[in-house]
Ligand code: SF4
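Quick look at the structure:
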């Protein structure tokens, strides 16, 4: 259906990452992802197909319009998002998206977070508000990480975050992320604060 979207879950939380950390938010996690990160611990298969109006009603029931609505995944750009963004705006939400950047963001989001999981050459969405690299690709070597990260710094983003790899087995590569921030201060050390707050 034209205005239906495959949704994994909709829940109230506080943004745990990036420049909007701490902000009350409705997270709208969508189903599906074709990126295939080896270290992925995200369940993006389960869920249901919902009309856009139902998504908005559920978001309005859990946070006040005026808060942010964060559309994430999985990989949210695998679905057509224009109707959802239009209705989020109509309901009074700021519409944010978190994408791996494997394709262009076409809907009129107010805030674009790109977290590339593939190489620079295979990252299509090359502008936005914040860019977050996870130090999982390439792995734990500062020269490799610095070479991988360098071209992303040339892109028009306001914030650049470098994130240790957080995994059920632990947190990896924090030291080389810190070293990167000291070599190139435009990189800031990222955190996934919701995991420390123990909230969704
Ligand atoms: Fe998992 Fe995100 Fe990678 Fe998709 S892009 S496989 S959801 S980590």
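In the working numbering, the protein residues as written are 74 to 273.
Where is the CB? At the ideal position from N, CA and C, for every residue including glycine.
Item, Value
"Sheet register partners of residue 144 (DSSP bridge)", "101, 170"
"Span of the beta strand (DSSP E) around residue 256", "Element bounds for residue 256: not the beta strand (DSSP E) but the alpha helix (DSSP H), 247-256."
"contact_flag[the stretch 157-175, the stretch 111-124] where n(CB pairs < 8 Å) is 3 or more", "no"
"Burial state of residue 88 (16 or more Cβ within 10 Å)", "buried"
"Residue 201 versus residue 230 - alpha carbon distance", "5 Å"
"Residue 243 CB to nearest heavy atom of ligand 1 below 8 Å", "no"
"Same chain, Cβ closer than 8 Å to residue 147, five either side skipped, listed in chain order", "81, 102, 103, 104, 105, 106, 115, 117"
"Proximity test, residue 120 beta-carbon vs ligand 1 heavy atom, cut-off 8 Å", "no"
"Any heavy atom of ligand 1 within less than 7 Å of residue CB: hits in chain order", "106, 108, 109, 110, 113, 115, 117, 146, 147, 148, 173, 190"
"Candidates 235, 172, 265, of which the one nearest residue 243 by Cα", "265"
"Distance between beta carbons of residue 237 and residue 86, contact taken as under 8 Å", "Not really, about 21 Å apart at Cβ, beyond 8 Å."
"Exposure of residue 155, with buried meaning 16 or more beta-carbon neighbours within 10 Å", "exposed"
"Option in 145, 84, 78 with minimal Cα separation from residue 188", "145"
"Cβ shell of residue 190 (< 6 Å), same chain only, five flanking positions each side left out", "108, 110, 173"
"Beta-carbon gap between residue 261 and residue 233 smaller than 9 Å", "yes"
"Residues near residue 149 in its chain [Cβ-Cβ closer than 8 Å; skip 5 each side]", "103, 170, 171, 172"
"Residue 180 and residue 158 closer than 9 Å at C-beta", "yes"
"Segment limits, beta strand (DSSP E) that includes residue 269", "Per DSSP, residue 269 belongs to no beta strand (DSSP E); it is in the alpha helix (DSSP H), 266-270."
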